[in-house]
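Protein chains in written order, with my numbering: chain F, 1 to 338; chain B, 339 to 675; chain H, 676 to 784. Think of the CB as a built atom: it goes at the ideal place given N, C-alpha and C, for glycine as much as any other residue. From a predicted model like this one, the values you see are computed outputs, not experimental measurements.
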Amino acid sequence: MIVNGKQKIWSEYQKEIPDDHYFYVRSCIRQNFFPASEKTFLDIVRNKLNLDFFETEHHTTCGGIAYHSDTIPQETLMTIVARQFALMTESGYKNYVASCITSFGIYTETLETWQHFPEFEEKIRENLWKATKREFNKPEYLAHASDVIYKLRDKIAARAKHRLINKFTGEPLRVVEHIGCHYSKMFPSKGVGGAEYPYVLTGMIEAWGGEIIDYPERRHCCGFGFRQYLVQANRGYSLSNTHKKFESMQPFKPDMIITNCPGCPYFLDRWQYVIAEMEGKTYGENSQGIPVFTYEEVAGLVLGYDPWDLGLQVHQTDVEPLLDKMGIEYNKADKYKI
Amino acid sequence: MSKDVLVIGGGPAGLEAANQLKILGYKAYIVEKSEKLGGHLAKWDRLFPESISASETLDKLLKPINDISVFLNSEIVSVNGTDGSFSVLLSNNITLSVSSIIVATGFSLFHAEKKEEYGYGIYDRVITSVDLENYFKKHSDNRIINPKKIGFVHCVGSRDEKVCNRQCSKVCCVTAIKQACEVKEIFPQSEVYCFYMDLRMYGRYYEDLYLEAQSKYGIRFIRGRVSEVSEDENGKLVVKAEDTLSSKPLKVTLDLLVLMVGMVKNDDNESISNLLNIRVGEDGFFKTANPILRSTEGDSQGIFFAGASTGPKTLPETINEAKATVLSMHNYLSKQV
Amino acid sequence: MVDFGYSLSPSSRINLDNFDQGRLTILSKIEPDLIKCIACGSCAASCSAANFTKINLRKVILLLHRGLDNEAVSLIEGCMLCGKCTLVCPRGINTRNLIRSILKTYKEV
């Protein structure tokens with residue numbers, strides 16, 4: 001592999017990401033799947049790096065799940081998005097950061113639609129006024145939380161207590177990076193690194209000492225979707241996509257997986273159990289499974305947070321083997337204590 | 339009327355035009371922006387469909403013109419046209435006064451890196467048809483190490499809205515089959531696949547080449563586009579394509595993938611069109627006075643075209659056009675007197 | 676085993692890396708013209724049985740080259756050997772003989 005080739009492509013898809021003063025919106029489901037991820041993100045940016053990230057209790061879902069499951073039409077979705085923007089304007093912010101990747105996709109899609117069809121934007125402004133008497137300005141910059149961590153990766157590396165190095169062999173950890181589909185597949189220019197070789201997670205891993213693995217199904221969807229997953233009988237389709245990814249990454253012997261979407265790590269983590277039950281096969285070293293992390297959890301581990309404060313105990317695939325490899329100290333007895 | 343004629347471009351079109359000009363008694367000046375004559379022909383090994391040597395062909399084109407003025411590493415800076423003659427300033431500060439100009443600027447090859455999903459410049463074993471042709475000439479390329487399975491991807495950069503090139507580049511299908519046969523001669527135990535959308539075998543003996551490729555060399559043809567290329571743990575290429583004839587996705591592991599890069603417009607076509615007061619078409623190649631009856635003439639007085647500057651062409655078409663262009667120019671100048 | 680209510684979907688992807696080319700090689704030896712097929716479909720278009728059955732020689736040749744042998748045989752079994760396909764093949768393949776060779780090579784199972 002010729003790395004300069006990838007770097008040339010990365011340099012063509014650069015995205016402007018502001019350093020500070022963001023309006024933060026949370027995800028509907030992330031706090032259930034990965035309880036401490038958002039809390040860790042805010043802790044890192046507010047307390048460790050002293051930046052201004054504001055959130056309000058009045059914000060709602062972006063409507064993405066409903067929209068992608070065909071339960072609400074696009075107009076309703078855009079009105080919900082408009083209300084979120086109105087809250088941002090009322091709080092005096094211009095930079096918008098979303099925690100969930102589907103949200104990021106929804107906001108990007110909305111802003112692009114309004115750019116190409118200004119009459120739509122007018123209609124939505126009218127809708128919002130009629131429904132809530134609010135007005136909004138469009139955000140100047142839209143980022144995803146992983147973009148922000150990507151921007152701050154060197155600052156995090158400077159404060160790192162642990163690096164992504166396997167302490168038993170001295171080699172960098174072999175990391176599989178999985179980007180959520182809504183990040184750059186829809187609008188490649190809105191993602192760092194474009195659609196084919198996204199750089200947002202690669203940049204983080206490289207800054208923190210790990211080694212990224214390129215495998216044939218790197219860009220394959222994990223199968224989450226929404227429509228097919230919500231109906232139980234269809235879940236086999238979602239499962240097969242994840243199965244395909246695991247079969248492809250296994251020969252490369254990855255130590256861990258990092259993702260930047262709420263649904264993807266959920267699937268990659270939980271489906272390993274289902275595949276083990278159905279096929280009798282487990283992946284990873286010593287068939288212990290490949291632990292899956294969100295980027296906030298990895299940032300937290302690198303900065304030295306206690307693993308149980310990061311919510312790692314709710315992962316289905318055990319993370320202890322990786323913690324041992326990284327040389328992170330943890331108390332087994334405290335794992336499930338509140 | 340001055341007998342001086344400027345030929346812009348020192349490729350096969352320019353060389354043949356200069357030769358014809360000499361035969362008819364004109365004084366030709368060739369201006370070439372690169373450091374040597376021959377254009378893209380200097381890169382090829384053998385020409386389709388009868389495997390004629392490219393270097394011998396180029397030598398035959400170069401031989402008659404060795405007493406013609408050639409300016410290498412030079413470009414046009416400005417052109418002043420008045421009353422049937424042009425005063426041309428070159429980048430080497432020489433000014434020429436000519437009665438007509440033949441634009442033989444040719445084409446550029448598509449930059450295969452732009453098709454990111456094919457991984458040219460990222461994966462070691464992905465090469466272009468130009469790289470392969472160079473391998474045939476020089477017999478060494480550290481990316482080609484005893485390949486057992488080889489693939490050819492047609493239409494890279496051609497017929498593709500995503501890279502803003504709608505045109506078909508005409509020569510790539512027959513080149514792919516030619517190269518597939520040649521590579522099978524060098525590696526007879528290999529399996530060779532061609533991934534095509536259509537097979538454009540329009541010329542004389544092209545269909546025979548296709549039949550030979552199938553029956554003599556056992557080349558496999560798969561109709562369908564390649565969607566992406568990646569590397570497996572051994573460094574081999576995992577190629578995914580659509581097999582349209584069976585309506586199923588297809589996967590194959592290859593040791594070498596050759597991208598058939600197309601002909602695209604030169605980047606400086608726009609600036610040349612401004613200098614010479616001619617127009618470019620929607621595809622970026624130059625517009626002619628009439629695509630049927632006057633396809634070697636520009637829509638400005640005294641400007642003529644030869645070769646791929648007006649669109650993708652095969653080599654024999656280019657040579658013939660250069661001859662026709664000089665005749666058109668000669669007829670035009672004879673009327674001017 | 677736990678009953679999840681769903682199961683892994685089988686992949687319909689053709690994997691050219693691993694299919695047993697043994698019988699295809701035998702067929703190619705007794706029918707050297709097989710490789711000349713350009714999948715134009717003239718044979719399928721002129722087939723007498725095409726209106727009423729799934730017989731399709733073009734598909735059969737394609738499936739054999741993709742390692743889907745059983746499906747291929749099922750698509751050619753009912754052929755009545757009328758010979759209309761041989762009349763129209765632009766590559767000059769003796770398709771009638773090809774059909775008999777396919778059945779001989781692949782229907783041993």
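Residue pairing by DSSP places residue 587/B opposite 580/B in a beta bridge. If one requires a minimum length of 4 residues, the alpha helix (DSSP H) runs lying completely within the region 23 to 61 of chain F are 30 to 33 and 37 to 42, in chain order. For residue 75/F, the enclosing alpha helix (DSSP H) has its first and last residue at 74 to 90. Neighbours of residue 268/F in chain H, taken as residues whose beta carbon is under 9 Å from its own, are absent, since the nearest beta carbon is some 16 Å off. Runs of beta strand (DSSP E) with 3 or more residues, each lying fully within the region 444 to 490 of chain B, are found at 464 to 466, listed in chain order.
Using a C-beta cut-off of 8 Å, the region 592 to 603 of chain B makes contact with the region 490 to 499 of chain B, since at least three inter-stretch Cβ pairs fall below that distance. Contact of residue 232/F with chain H by beta-carbon distance below 9 Å involves 679, 680 and 681. Taking one beta carbon from each stretch, the region 345 to 357 of chain B and the region 375 to 387 of chain B have 3 or more pairs nearer than 8 Å; the two touch.
Using a Cβ-Cβ distance cut-off of 8 Å, the region 751 to 770 of chain H and the region 713 to 724 of chain H are in contact, since at least three pairs of beta carbons, one from each stretch, lie closer than that value. Only those residues of the region 198 to 229 of chain F whose C-beta falls short of 8 Å from the nearest C-beta of chain H would be listed, and there are none.
At least 8 Å separates the CB of residue 126/F from every CB of chain B. Under the Cβ criterion (8 Å, minimum of three pairs), the region 235 to 254 of chain F counts as touching the region 168 to 184 of chain F.
Inclusion of residue 70/F and residue 227/F in the CB contact set at 8 Å is warranted, their separation being smaller than that value. Neighbours of residue 473/B in chain F, taken as residues whose beta carbon is under 9 Å from its own, are absent, since the nearest beta carbon is some 18 Å off. With the criterion set as a beta carbon lying under 7 Å from some beta carbon of chain H, the members of the region 578 to 608 of chain B are 581, 583, 584, 586, 587, 588, 589, 590 and 591, in sequence order. Closest by C-alpha distance to residue 266/F, out of 90/F, 37/F, 41/F and 303/F, is 37/F. For residue 489/B, the closest Cβ of chain F is not nearer than 8 Å. For residue 528/B, the closest Cβ of chain H is not nearer than 8 Å. Of all alpha-carbon atoms in 295/F, 338/F, 299/F and 268/F, the one lying nearest the alpha-carbon of residue 318/F is that of 268/F. Neighbourhood of residue 684/H in chain F, by CB distance below 7 Å: 236, 237 and 240, in chain order. Listed by position along chain H, the residues whose Cβ is nearer than 7 Å to that of residue 553/B are 710 and 711. At least one C-beta of chain F is nearer than 8 Å to the C-beta of residue 676/H. Contact annotation, residue 466/B with residue 596/B: C-beta distance approximately 7 Å; criterion of less than 8 Å satisfied. With a contact defined as Cβ atoms closer than 8 Å, residue 120/F and residue 85/F miss out at about 14 Å.
Taking a beta-carbon distance threshold of 8 Å, residue 278/F counts as an interface residue toward chain H. In the DSSP annotation of this structure, residue 169/F is not part of any beta strand (DSSP E), being labelled neither H nor E.
A direct Cα-to-Cα measurement between residue 617/B and residue 611/B gives close to 6 Å.
Assignment of residue 569/B by DSSP, reduced to helix, strand and coil, places it in the strand class. The three-state reading of DSSP puts residue 342/B in strand, counting E and B together. A distance below 8 Å separates the beta carbons of residue 278/F and residue 682/H. Nearest to residue 772/H by alpha-carbon distance, out of 748/H, 717/H and 706/H, is 706/H. Interface flag for residue 254/F against chain B is unset, since no Cβ pair is found closer than 8 Å.
In the displayed model, residue 493/B falls within a strand according to three-state DSSP.
Contact check between the region 256 to 264 of chain F and the region 686 to 705 of chain H: fewer than three CB pairs, one atom from each, fall below 8 Å, which does not count as touching.
Across the set 164/F, 181/F and 336/F, the C-alpha of 181/F shows the shortest separation from the C-alpha of residue 100/F. Counting only Cβ-Cβ distances below 8 Å, residue 556/B has contacts in chain H at 710, in chain order.
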